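Undergrad: Have a look at the structure that comes next, please.
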DNA sequence: ATCCTACGATGGACTTCGTCCAAGTCAAGA
DNA sequence: TCTTGACTTGGACGAAGTCCATCGTAGGAT
């Protein structure tokens, strides 16, 4: 994720202060923020940034494949900046913590042809659930 | 799912016409309805049923383990009445249709010990995504 | 069979999450 | 530096879901 800004410029992005700030927020720790959390952190550096712009920018990053949308048990979507390395998620049923994990094997290949019902299967999302050491 | 009403009564549910209708809607075809779709179908049989009651009843069925919530990205939750047989989901990225599928292989076993971070992993949820024949 | 009452249903207001749009702003090429 | 069209803004809007005061009724008690 570290040269995100460079890659975006290379793709012809007009670089605005708003987009830079959103990208920098995601480029920080690899936590999984909601759109509103991204907006909150962005607003610390650029107080007048609007919610609509944060949503737009996140949506564009998702389309570009730089960020993943993670569906959660909770409500708001979360954004995962670690999109370039394929990975899955391990969620604590107690406290909701999310960790990135890297299972072995080929989950898409595990779905037999006769179970695909004519779908063009493009991706697979795996969520492991269990209790973390602190909650056990 | 076929003796759902009996099981619910056995658990001390007060059986009301509303709850019966919601349970019967789910007991029908094994599709994955949204709460509003459940409400719509329930209202065909019991026109004055309220949205709040449908939400309440679905929530109770989830807590009782009779129905699963299927989390979808950016869409309304869907309810899966096939909770008693383990299975995974195939979701159309276009229209949101959900199908039950049964992959081969052991996804929990695919998560190496050193990727578990001390979690007691109890379950795994797999969602395959792609375009259905109609949307392709 | 009828009465009581606590549990459940109702519906409308409210919240949360997200999208849309018209008007204003500004990055970057000429 | 000028120009222009892509970007941003904020507020209205919409969808999904929750909350709550009040009313209704299932099912045990009499």
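Residue numbers (the working numbering), protein chains in the order written: chain A, 976 to 1111; chain U, 976 to 1111.
We treat Cβ as the ideally placed atom computed from N, Cα and C, and that holds for glycine.
Note that the coordinates shown come from a computational prediction; the quantities given were computed from them, not determined experimentally.
What residues in the region 1004-1031 of chain A bring their beta carbon closer than 9 angstroms to a beta carbon of chain U?
TA: For the region 1004-1031 of chain A, which is checked against every Cβ of chain U, not one residue is closer than 9 angstroms.
Undergrad: In terms of residue numbering, what span does the alpha helix (DSSP H) encompassing residue 1032/U cover?
TA: Locating residue 1032/U in the second chain gives position 57, counting from the first residue. Element bounds for residue 1032/U: 1026-1038.
Undergrad: Determine the closest residue to residue 1097/U out of 1081/U, 1107/U, 1039/U, 1108/U, with distance taken between C-alpha atoms.
TA: Taking the second chain and counting its residues from 1, one reaches residue 1097/U at position 122. With distances taken between Cα atoms, residue 1097/U lies closest to 1081/U.
Undergrad: Whose C-beta lies closer than 6 angstroms to the C-beta of residue 1065/A among residues of the same chain, with five residues either side of it excluded?
TA: Walking along the first chain from the start, residue 1065/A turns up at place 90. Correct list, in chain order: 1074, 1076, 1103.
Undergrad: Determine the burial state of residue 1093/A: buried for a count of at least 16 other Cβ atoms within 10 Å of its Cβ, exposed for fewer.
TA: Walking along the first chain from the start, residue 1093/A turns up at place 118. It counts as exposed.
Undergrad: Please tell me whether residue 1052/A and residue 1010/A are closer than 8 angstroms, where the distance is taken between their beta carbons.
TA: Start at 1 with the first residue of the first chain, and residue 1052/A comes out as number 77. Start at 1 with the first residue of the first chain, and residue 1010/A comes out as number 35. Yes, the Cβ-Cβ distance between residue 1052/A and residue 1010/A is below 8 angstroms.
Undergrad: Answer with yes or no whether the minimum CB distance from residue 1078/U to chain A is below 8 angstroms.
TA: Numbered from 1 along the second chain, position 103 holds the residue referred to as residue 1078/U. By this cut-off, residue 1078/U is an interface position.
Undergrad: Below 8 angstroms between beta carbons: does that hold for residue 1013/A and residue 1029/A?
TA: Position 38 of the first chain, counted from the start, is the residue given in the question as residue 1013/A. Position 54 of the first chain, counted from the start, is the residue given in the question as residue 1029/A. Cβ distance < 8 angstroms, so residue 1013/A and residue 1029/A count as in contact.
Undergrad: At 7 angstroms on the CB atoms, spell out the chain A contacts of residue 1085/U, in chain order.
TA: Working through the second chain from its first residue, we reach residue 1085/U at position 110. Residues of chain A passing the Cβ test: 1078, 1079, 1080.
Undergrad: Quick one: what does DSSP say residue 1104/U is sitting in, helix, strand or coil?
TA: Locating residue 1104/U in the second chain gives position 129, counting from the first residue. In this structure, residue 1104/U counts as strand in the three-state DSSP scheme.
Undergrad: Please report the residue range of the alpha helix (DSSP H) in which residue 978/U lies.
TA: Working through the second chain from its first residue, we reach residue 978/U at position 3. Note, residue 978/U: premise wrong, no alpha helix (DSSP H); not H, not E.
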